[in-house]
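The structure appears below as structure tokens.
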Amino acid sequence: MNSRAPHSPARRRAAWGAVQVGRAAAVAVGVALAALLLVRLLPGDAVDSRPGGNEGTPIPPRAAAEARAALGLDRPFPAQAIAWAGKAARGDLGYSLADGRPVTRRIAERIPATLLLQGAALSLALGLAVPLGTLLAWRAGSRVDRAARVVLLACFALPGFWVAVLLQGWFAVRWGWLPMQGMSTAAGAGPAGGGVGLDVARHLLLPAVCLALPQIAYVARFARAAVLEVLGDETVRTARAKGLSNGAVLRRHALSQALAPLLTLTGMALPALVGGSILIESIFSWPGLGRLFHDAVQQRDYPVIQALMLLAGGATVAGNLLANRLSTALDPRTADPPR
Amino acid sequence: MIAARWRTLRGGLALLAALWSLALLAPLLPHAPAAVDLATGLAAPSPRHWLGTDPLGRDLLARVAHGARASLVVGLLATLLALALGVPLGAWAGYRGGSADAVVSFLADVTLAFPALLLALAVVAVSGARGILPLAAVLALSRWARIARLTRGEFRRLRGREAAAAARAAGARDLRIVSRHLLPEALAPILVGAAFAAAAAVLVEASLGFLGLGVAPPQTSWGSLLAEARLAGPQAWWLALFPGLAIFAALLAYTLIAEGILERLDPRRQSAGVSA
Amino acid sequence: MPPSPVAGPVDGGTVFAPLTTDPTTLNWVRASDTPAAQIGRLVGDSLVDHGPDLRYLPRLAERWEISADQRVITFHLRPGVTWHDGTPFTASDVVFSYRWATDPGNGAARFAAYFSEVEAVEALTPLSVRVRYRTPFAPALQGWEALLLLPAHRYREAAPGTDPQERSPIGTGPFRLERWRQGEEIVLTANPRYWRGRPHLDSVVLRIVPDNRTAAGALAAGELTLATLPQSDPPPAAAASPDGRIRYKRFATLAIWFIAWNGDGSNPFFADRRVRRAMTLALDREGFRRSVLHGLGQPATSTFVPGTWAYDPSLVPLPYDPAGSARLLDEAGWTDSEGDGVRDRAGRRFEFTLTAFQGNPIAGQIAQVLQEALAHEGVRMRIETLDWPAFVSKLRSRRYQAQISTWLLDVDPDPYDNWHSSQIATGNNVTAYADAEVDRYCEAGRATFDLAARAAAYREVQARLHRDQPMTFLFHPEWVVGVDARLRGFRVPLSGPWRWFPGPLTWWLTTARDPLPLDAQG
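Which chain is which? The protein sequence lines are A, B and C, in order. Per our numbering, the first sequence starts with residue 45, numbered consecutively. Per our numbering, the second sequence starts with residue 139, numbered consecutively. Per our numbering, the third sequence starts with residue 16, numbered consecutively.
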């Protein structure tokens with residue numbers, strides 16, 4: 045049977061891949077509509093009911109009219125949706141009601157900070173949890189394993205923002221070992237020496253740890269399960285039967301195959317970019333997307349809320365698709381459509 | 139061995155029961171949660187106030203106990219709502235497949251695309267929902283989709299099973315097949331999902347309360363108690379410790395229950411936990 | 016240990032100060048938020064300013080004359096002043112600023128009130144401006160103290176519809192704007208050509224620090240030079256920290272905390288004076304001030320601030336009297352006729368909503384204390400917390416029943432905007448208070464420049480406000496500022512450390528830590 049026959053495995057896989065992409069696109073459209081709808085469902089006119097800004101600074105009439113037009117509050121919903129989509133495709137997401145600047149600019153300046161924080165937390169989590177999970181899988185059933193799993197379970201249930209409040213209270217406010225907020229100190233004002241990098245690192249430590257804690261537990265358990273699954277696998281058993289040492293088995297087969305689900309996990313980190321660190325960023329005044337969202341909610345800054353929801357939804361869809369494609373590439377067995 | 143398998147589940151249930159009794163017995167406590175006593179503001183734990191007082195002199199134990207009512211009730215309601223919506227939709231999608239599946243999956247995917255806290259914050263900001271029922275509804279918005287997806291998966295898996303095929307061959311109606319034959323099989327995983335959903339609901343509710351968007355005074359919730367603690371500063375360590383401990387206990391209880399059921403189902407099916 | 020000899024001011028150094036939030040705009044005329052005002056006072060200049068005793072002092076206007084009929088003020092401008100870009104400052108800038116501020120399309124609402132009585136503003140010569148008022152208007156100078164001037168030439172060159180002062184303003188002030196990093200900091204550097212001489216400091220960096228506790232922590236860590244301590248913390252017992260690095264100063268501000276009762280008849284409760292007095296008697300304001308605020312803050316009897324020339328010290332705040340409160344409510348007809356624990360009258364239960372700003376924890380605490388106190392008296396109060404825009408809008412449009420808020424008060428104590436009945440519809444009379452005698456006294460106080468006569472009129476106003484309790488006047492907030500011991504020349508008048516001129520102009524830094532308490536400084 046040549047590979048161009050209608051029901052060959054390759055054809056099937058390609059078709060399934062196309063279906064996945066198509067589905068993702070449909071969901072993306074749904075996400076955009078949902079974000080739009082949310083703002084539209086407000087009681088009353090969003091722009092009218094707010095004088096805007098801090099302590100009663102009125103929105104200048106020009107910005108108010110622009111905001112209303114940008115939110116499409118003066119048009120029927122379908123026309124509004126199309127207009128908004130067109131603008132969004134061009135990168136124009138409207139103007140923030142809080143300070144009148146383009147929404148895209150406000151979002152863009154916050155992305156690096158969030159990337160830094162989430163990246164640090166993820167690195168911390170992966171760096172600690174993967175070896176831990178692997179070790180536990182290797183020693184599955186032992187007392188150490190059981191005890192560690194209890195601890196991990198507790199960590200998993202730990203509310204991140206509680207830990208943040210406690211740690212900030214002790215380490216920053218009470219004892220002053222670490223900075224309390226922000227991403228960096230004004231040049232020359234902080235403890236001397238070390239430069240910008242060290243300064244940012246000191247500010248990064250507490251928020252990254254608080255963000256990483258529940259992730260460590262999650263990833264460790266995930267890694268443990270994945271490695272366990274693989275250890276019971278055919279190829280590994282064969283390798284063992286062939287007389288390969290434990291270490292070699294572990295390295296060569298188990299890890300590489302457990303890598304796939306872990307990469308899936310990393311793909312899932314994308315959606316967390318917008319919504320995953322709202323609380324931590326607020327507590328530590330970290331100038332990232334999470335804090336931007338929180339501020340926008342406090343200020344009822346609807347264009348920003350809408351744009352961030354779109355971004356979050358889009359990131360999830362992209363992340364899922366990416367995870368799917370990655371795992372397909374790494375382990376072709378998952379490329380087959382479900383029966 | 140069997141005893142060990144039950145231990146997790148029992149532990150979780152016991153912890154949950156303890157928290158619920160605290161909530162239910164709250165009115166019996168010697169102090170009222172809103173009783174202001176300006177003279178004894180910020181008092182450390184003592185025989186008179188077991189967990190100390192807040193800046194307005196209100197007893198912390200009473201506030202945590204009453205806060206339990208809001209947090210636990212909202213969590214429970216949200217989970218029930220999510221189940222009521224998610225299980226039927228997921229079952230229908232999983233069993234029927236085809237267009238039903240496409241529609242439900244699409245709706246679920248769109249809902250799940252938004253991180254839970256983000257969605258809850260946006261909806262609360264836009265709608266101004268502050269009461270227990272509206273909040274529960276908001277929390278259920280995210281939860282239903284996960285439950286639905288879980289249920290769908292289970293029903294798809296069970297659809298091809300022998301018993302179902304036999305029943306269908308015998309001419310039984312769909313609803314009967316679903317409720318009599320498939321549901322009991324799928325029950326355990328759904329309960330696991332429900333337990334994780336309850337944990338997530340409590341966490342999101344606490345987060346909303348922490349950000350000042352939860353229930354309104356005089357009603358308290360653990361999240362808003364933590365926010366008050368943060369304002370009062372780290373000297374009043376009791377203010378931050380006990381409400382947080384309560385949230386932790388609730389999350390732990392639900393997680394233990396979920397893990398317990400999972401263990402019971404299949405000891406090797408140790409998942410990392412359905413993501414909250 | 017004897018204090019080390021304090022050398023004269025030296026130039027150089029940077030002061031790091033906190034800002035609670037990013038200003039919405041740096042156009043200091045349009046903005047009315049505190050951060051914009053702080054920056055405006057450093058980068059911009061006004062014609063007139065006030066000294067530590069709140070009397071007016073010359074600034075960009077060297078001197079001014081008030082005509083015999085008290086209707087014309089002629090300002091003579093200081094020669095040789097230039098904008099930060101080198102363009103000379105002239106009278107046309109003054110005229111332009113006035114026109115821009117009073118143009119409703121620009122959204123600078125408060126200047127409409129300040130300049131409501133102005134008939135004409137014209138430049139007589141490049142260095143003199145004549146302002147003609149419709150009637151003798153005593154608070155006239157307040158407007159010229161509040162109006163920080165805009166550079167006319169910049170607006171002429173700017174594209175239509177844009178505001179060149181929005182993000183990167185220039186002024187004639189002691190500092191110029193160097194950099195604004197949103198969400199992080201605003202950097203101001205010294206203006207070497209300032210007409211009063213270069214500031215001692217090289218730069219002032221305003222860092223965005225969202226709450227006072229964080230700022231206090233940063234001060235302790237040496238990241239900030241000064242910071243206001245959180246109101247809910249106990250004030251430090253000593254004038255300096257144990258290691259001598261930080262000195263503390265307690266200061267009052269021109270502000271008032273209040274609970275406004277909407278008396279416009281839209282609710283059946285607060286149009287009755289007895290009910291309003293009952294509300295005040297029910298709240299233990301003094302207890303709250305002493306315990307939660309640790310004694311910071313001064314009891315208030317009205318919107319006139321203790322220590323100012325118009326304040327009447329003979330008025331005593333209403334006591335905390337729950338029994339008296341209950342009696343007044345009975346008198347007003349609110350009794351528990353149904354026996355359900357809630358007072359009612361003519362079939363309507365006494366349930367109302369108090370609106371608070373969600374970002375203000377002190378307000379929330381006061382609200383909860385009041386809620387509890389009223390619950391004991393059979394009045395059910397609901398607390399509604401709103402975000403800032405909704406909160407301000409609700410107060411201004413009078414859609415509230417009761418609202419707890421704070422006002423910053425002007426240097427001039429003119430009560431017209433807040434208490435005259437003509438200001439109910441469009442002005443700042445948010446409680447819909449209308450009393451014919453108070454109206455007369457407000458008008459009288461405005462019509463003469465004679466301070467004694469004004470003070471007498473305002474004493475009458477205060478007495479009536481105290482009697483009628485259109486608001487429950489809570490207190491005038493006091494703060495404790497922590498200042499790095501290396502900062503010299505720091506003084507805090509009644510208007511706060513930032514509103515006062517010259518303020519930061521005369522601050523200077525030294526390497527040695529000065530053990531002298533702040534009060535003992537010259």
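Where is the CB? At the ideal position from N, CA and C, for every residue including glycine.
I'd like the list of long-range same chain contacts for residue 423 of chain C, defined as Cβ closer than 6 Å, with 5 residues on each side in sequence excluded. 270
Closer than 8 Å to chain C by CB, residue 370 of chain B: Yes, because at least one Cβ of chain C sits closer than 8 Å to the Cβ of residue 370 of chain B.
Among B:178, B:282, B:371, whose alpha-carbon lies nearest the alpha-carbon of residue 226 of chain B? B:282
Measure the alpha-carbon distance for residue 323 of chain A versus residue 458 of chain C and round it to whole angstroms. Rounded to the nearest angstrom, the gap between the Cα atoms of residue 323 of chain A and residue 458 of chain C is 52 Å.
Rank C:502, C:331, C:429, C:496 by C-alpha distance to the C-alpha of residue 469 of chain C and give the top, closest one. C:429
Cβ atoms of residue 157 of chain A and residue 276 of chain A: under 8 Å apart, would you say? no
Using a Cβ-Cβ cut-off of less than 8 Å, list which residues of the stretch 171-202 of chain B approach chain C; keep chain order. 172, 173, 174, 176, 177, 179, 193, 194, 195
What residues in its chain sit with their C-beta under 6 Å from that of residue 246 of chain B, if we drop five residues either side in the sequence? 283, 286, 287
Taking 8 Å as the threshold (C-beta atoms), are residue 149 of chain B and residue 394 of chain B in contact? yes
For a test of the three-state rule: what should DSSP assign to residue 422 of chain C, helix, strand or coil? strand
At least 3 beta-carbon pairs within less than 8 Å: the stretch 362-375 of chain B vs the stretch 350-359 of chain A: no
I need the boundaries of the alpha helix (DSSP H) containing residue 210 of chain B, first residue and last residue. Its alpha helix (DSSP H) spans residues 198-234.
Listed from N- to C-terminal order along the chain, which residues in the stretch 334-364 of chain B have their beta-carbon within a distance smaller than 8 Å of any beta-carbon of chain C? 350, 354, 355, 356
Who does residue 396 of chain C pair with in a DSSP beta bridge? C:367
Length-filtered (4 minimum) alpha helix (DSSP H) runs lying within the stretch 452-516 of chain C: Annotation: the stretch 452-516 of chain C contains the following complete segments of the alpha helix (DSSP H) (minimum length 4 residues), in chain order: 466-483.
Does the CB of residue 239 of chain B have a neighbour CB from chain A at under 8 Å? no
The stretch 258-270 of chain B: which residues have C-beta closer than 9 Å to a C-beta of chain A, in chain order? Those would be 259, 260, 261, 262, 263, 264, 265, 266, in chain order.
List, in chain order, every chain B residue whose beta-carbon is nearer than 7 Å to that of residue 355 of chain C. Chain B residues near residue 355 of chain C: none, gap ~18 Å exceeds 7 Å.
Note down the Cα distance separating residue 26 of chain C from residue 521 of chain C, rounded to an integer number of angstroms. Between the C-alpha atoms of residue 26 of chain C and residue 521 of chain C there is a straight-line separation of about 10 Å.
What span of residues does the beta strand (DSSP E) with residue 381 of chain C cover, start to end? Taken as a continuous stretch (DSSP letters only), residue 381 of chain C belongs to no beta strand (DSSP E), being part of the alpha helix (DSSP H) at 376-391.
When Cβ atoms are compared, which residues of the stretch 289-315 of chain C fall closer than 9 Å to chain B? 299, 302, 303, 305, 306, 307
Coarse secondary structure for residue 113 of chain C, derived from DSSP in three states: helix
If you draw a straight line from the C-alpha of residue 391 of chain B to the C-alpha of residue 346 of chain B, how long is it? 20 Å
For residue 292 of chain C, which of C:283, C:280, C:276, C:281 has the nearest alpha-carbon? C:276
Residue 192 of chain C - partner residues in DSSP beta bridges: Paired residue(s): C:203.
I'd like to know whether the C-beta of residue 320 of chain A is nearer than 8 Å to at least one C-beta of chain B. Yes, residue 320 of chain A counts as interfacial toward chain B.
Among residues of its own chain, excluding the 5 on either side of residue 236 of chain A, which ones have a beta-carbon nearer than 7 Å to its beta-carbon? For residue 236 of chain A, the predicted model reports a pLDDT of 43, less than 50, meaning its position is unreliable; a value from the coordinates is still stated below. Excluding residues within five positions, none has a Cβ falling inside 7 Å.
Per DSSP, what kind of secondary structure is residue 328 of chain B in: helix, strand or coil? In the three-state DSSP reduction, residue 328 of chain B falls in the helix class (H, G or I).
Once the 5 residues before and after residue 101 of chain A are set aside, which same chain residues still bring their CB inside 6 Å of it? Note that residue 101 of chain A has pLDDT 41, beneath the 50 cutoff, so the model's placement of it is unreliable and the number below is only indicative. Closer than 6 Å at Cβ, skipping near neighbours: no residue.
Return the residue from the list C:328, C:190, C:196, C:213 that minimises the CA-CA distance to residue 204 of chain C. C:190
Using the Cα positions of residue 173 of chain C and residue 181 of chain C, report the straight-line distance between them to the nearest angstrom. Straight across, the Cα-Cα distance linking residue 173 of chain C with residue 181 of chain C is about 12 Å.
From the DSSP output, read off the bridge partner residues of residue 372 of chain C. C:401
N-terminal and C-terminal residue of the alpha helix (DSSP H) that residue 338 of chain A is part of: 333-342
At least one CB of chain A closer than 8 Å to the CB of residue 402 of chain C: is that the case? yes
C-beta neighbour in chain B for residue 384 of chain C, strict 8 Å: yes
Within 8 Å, do at least three Cβ pairs link the stretch 204-223 of chain C to the stretch 134-142 of chain C? no
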